[in-house]
Amino acid sequence: MIAVGTSGYQYSDWKGPFYPDSVPRGGELEYYAEHFNTVELNFTYYRMPSFRTIEAMVKKTPPGFTFWVKANEATTHQQDRSVAAAFNEAMAPAREAGRLAGVLCQFPYSFRNTERHRAYLAALAEDFPHDPLVVEFRNAQWANQAVFSFLRAHRLGFCCVDEPALPGLMPRIAVATAPTAYVRFHSRDASKWYEGGGKERYNYRYRRDELEEWLPKIQQLDAEAENVYIFFNNCHAGHAAVNAEEFKKLLADLGVIR
212 MIAVGTSGYQ YSDWKGPFYP DSVPRGGELE YYAEHFNTVE LNFTYYRMPS
262 FRTIEAMVKK TPPGFTFWVK ANEATTHQQD RSVAAAFNEA MAPAREAGRL
312 AGVLCQFPYS FRNTERHRAY LAALAEDFPH DPLVVEFRNA QWANQAVFSF
362 LRAHRLGFCC VDEPALPGLM PRIAVATAPT AYVRFHSRDA SKWYEGGGKE
412 RYNYRYRRDE LEEWLPKIQQ LDAEAENVYI FFNNCHAGHA AVNAEEFKKL
462 LADLGVIR
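For the sequence shown, this note's numbering assigns the number 212 to the initial residue and increments by one for each residue that follows.
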């Protein structure tokens, strides 16, 4: 199974590029679910989600629609294991409905390949025992076969990324270390990655040829994994939704999705 979606869905500058003016504030998720069958929730990184919020989102979406949720920053950036229990409890409505596909743990560039950090990764499986876990690295130190073997041993998925070819950043590789393969498209604009603190980092629209580069990689992941989730995080000005629809069309033309 291959599913394509976006990282978040509720952005004011998506009106026009994706959402018609007729879609009211608060009605975005229902409209989004008419076009995509999965979404990656990013607000859970910035604030702890509530049971009622997740419950309402499940009710707004049809059967078969799935959620990936980004782990809270306390888990990934502060390495605080104490928040996992509350996070897991908040996810219960989606989990019990069979709609929670998994949890994405995105670590910062400062999270390097050290013994201490590997031990922390191993502990994640204990902290999130109910759901598939995918780990996203920003530091290229993690891009090697020893790490991939480590992730497989601890049942952790590897997040493949498309981001600028800058020194130290993760390369554009396709690797599956768990039953679920995961891909995130960020941007290829190196000039904006660090400029202004990265505020414009994801203001980028992928060209068709750049998307086509990933088609054989997605087919490879599809052969290696049970499920492949692909999310576009280039959220500015609706670029993510536009590119996600374009990529769905390319995959449909290959006959790998309907």
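Using N, Cα and C, we set each Cβ at its ideal position, and we do this for glycine too.
If you compare alpha carbons, which of R366, L367, H397 and T391 is closest to M381? Nearest Cα to M381 within the set R366, L367, H397 and T391: H397.
Where does T286 sit, in a helix, a strand or coil, going by DSSP? helix
For A333, which residues from the same chain have a beta carbon less than 7 Å from its beta carbon, with the 5 sequence-adjacent residues on both sides left out? Contacts found: H365.
Is H450 buried or exposed, if buried means 16 or more other CB atoms sit within 10 Å of its CB? buried
Just to confirm the assignment: which complete beta strand (DSSP E) runs, minimum length 3, are found wholly within the region 248-331? 249-252, 277-281 and 311-317
What are the complete alpha helix (DSSP H) segments, minimum 4 residues, inside the region 371-432? 401-404 and 419-423
Let's test the definition: count the other Cβ atoms within 10 Å of the Cβ of K410 and tell me whether it reaches 16, buried, or not, exposed. That one is exposed.
Looking only at its own chain, which residues have a Cβ that is under 7 Å from the Cβ of V250, when we skip the five neighbours before and after it? G216, T217, Y220, Y243 and F278
Quick check: the Cα distance between F298 and Q289, rounded to an integer number of angstroms? F298 and Q289 have their C-alpha atoms roughly 15 Å apart.
Limits of the unbroken alpha helix (DSSP H) element including N454: H450 to L465
Under three-state DSSP, which class holds Y222? coil
Which one or two residues does DSSP pair with E347 in a beta bridge? Q317
Extent of the continuous alpha helix (DSSP H) to which A357 belongs: For A357, the uninterrupted alpha helix (DSSP H) run begins and ends at Q356 to A364, by DSSP.
Report yes if the CB atom of I441 is closer than 9 Å to the CB atom of A455, and no otherwise. yes
Helix or strand or just coil, what does DSSP make of Y436? According to the sequence displayed, residue 436 carries Ala and not Tyr. Residue state, collapsed to three classes: coil.
Based on Cα-Cα distance, which residue from L422, V467, M268 and P375 lies nearest to E457? L422
9 Å Cβ cutoff met for C370 and R329: no
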